[in-house]
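Heads up: the sequence shown begins at -19 in this note's numbering, then just goes up one per residue.
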Amino acid sequence: MTKLIVFNKPYHVLSQFSPEGDKTTLAKYIDEPEVYPAGRLDYDSEGLLLLTDDGVLQHRISHPQGKMVKTYLVQVEGIVKKNAIQRLLKGVKIQDYMASALAIRPLAGKPGYLWKRVPPIRQRKKSPTCWLEVDLNQGKNRQVKRMLAAVGHPVLRLVRIQVGSWTLNDIKPGEYKILDAKKIKKNSL
Ligand code: URA
-19 MTKLIVFNKP YHVLSQFSPE GDKTTLAKYI DEPEVYPAGR LDYDSEGLLL LTDDGVLQHR
41 ISHPQGKMVK TYLVQVEGIV KKNAIQRLLK GVKIQDYMAS ALAIRPLAGK PGYLWKRVPP
101 IRQRKKSPTC WLEVDLNQGK NRQVKRMLAA VGHPVLRLVR IQVGSWTLND IKPGEYKILD
161 AKKIKKNSL
């Protein structure tokens, strides 16, 4: 039976089981046989990472052609103005491709439900930051960070909160839930 794990990846954890230097890996948190990440999050990104033992489902979730929508909470340096948002929606050139966001929602501040990062972000005193919710369906490497850097707003914190219709709900950093086969079918169609 297909197994799907919804994991809340903490900051400074690699999206892999195999060791790499002295970095913490998924092996510290997930003790399930034969599951592999469907997509990845950067070492310093947090939030929703799906893992499965089903190759077809893994491909459907992680392959860019699947166009699965992923939603990120992003804290950036500076205050993002309307014209920067327009540029991100229209598309910015990153290396050899055009990257665009499906939607960007400026937030009034850090969402109340979001946990504190340990350690906290490094922030210069007095320099303002702001929070955005960003929807993407492209999934290139480090895409959110590269897009925001391209419009002059380096990313300070990045948390994935949704992939397709899977969300973190109340799963805390370092914890996971295993979904049953019925739910997987419903969500992945
Ligand atoms: N975009 C990024 O820049 N980093 C991630 O970890 C995920 C999306």
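Cβ atoms here follow ideal geometry from the backbone N, Cα and C, with glycine treated the same way.
Notebook entry, point to check: Should K125 be listed as close to ligand 1, given that the test is whether its C-beta is under 7 Å from any heavy atom?
Noted result: Taking 7 Å as the cut-off, one finds at least one heavy atom of ligand 1 near enough to the beta carbon of K125.
Next item on the list: State the Cα-Cα distance for the pair K90 and G58, rounded to the nearest angstrom.
Entry: Computed Cα separation, rounded: 14 Å.
Check: Using 8 Å as the Cβ pair cut-off and three pairs as the minimum, do the segment 133 to 146 and the segment 68 to 78 touch?
Finding: At 8 Å Cβ cutoff, the stretches do not touch.
Notebook entry, point to check: Got a sec: does ligand 1 put a non-hydrogen atom nearer than 7 Å to the Cβ of S25?
Noted result: Result yes, Cβ under 7 Å from ligand 1.
Notebook entry, point to check: DSSP state of Q123, grouped into three classes?
Noted result: When secondary structure is reduced to three states using DSSP, Q123 falls in the helix class.
Check: Is it the case that the CB of D22 approaches a heavy atom of ligand 1 more closely than 7 Å?
Finding: Answer for D22: yes, Cβ within range of ligand 1.
Notebook entry, point to check: What residue range is occupied by the uninterrupted alpha helix (DSSP H) comprising L159?
Noted result: In the DSSP assignment, L159 falls outside any alpha helix (DSSP H) and within the unbroken beta strand (DSSP E) covering Y156 to L159.
Margin query: For L(-16) and L148, which I take to be in contact (beta-carbon distance under 8 Å), what is that distance rounded to the nearest angstrom?
Written below: Their Cβ separation, rounded to whole angstroms, is 14 Å, which puts L(-16) and L148 out of contact at 8 Å.
Next item on the list: Measure the alpha-carbon distance for Q123 versus I74 and round it to whole angstroms.
Entry: Approximately 8 Å between the Cα atoms of the pair.
Margin query: Would you say the beta carbon of L138 is closer than 7 Å to some non-hydrogen atom of ligand 1?
Written below: For L138, the shortest separation between its Cβ and any heavy atom of ligand 1 lies below 7 Å.
Margin query: Using C-beta distances below 8 Å, list every residue in its chain close to I41, excluding the 5 sequence neighbours before and after it, in chain order.
Written below: In its chain, beyond the 5 residues on either side, A18, G19, L30, T32, M48, V143, G144 and S168 have a beta carbon closer than 8 Å to the beta carbon of I41.
Checklist line | Own chain, CB closer than 6 Å to G119, minus 5 neighbours either side, in chain order | finding: P44, listed in sequence order.
Checklist line | Which of helix, strand or coil DSSP assigns to A129 | finding: For A129, the three-state secondary structure derived from DSSP is helix.
Next item on the list: From the DSSP output, read off the bridge partner residues of E57.
Entry: DSSP, once it has assigned bridges, lists T109 as partnering E57.
Note to self: Using only the alpha-carbon positions, how far apart do L53 and V114 sit?
What the structure shows: Distance between the alpha carbons of L53 and V114: 7 Å.
Check: Does ligand 1 have a heavy atom nearer than 7 Å to the CB of Y16?
Finding: Result no, Cβ not under 7 Å from ligand 1.
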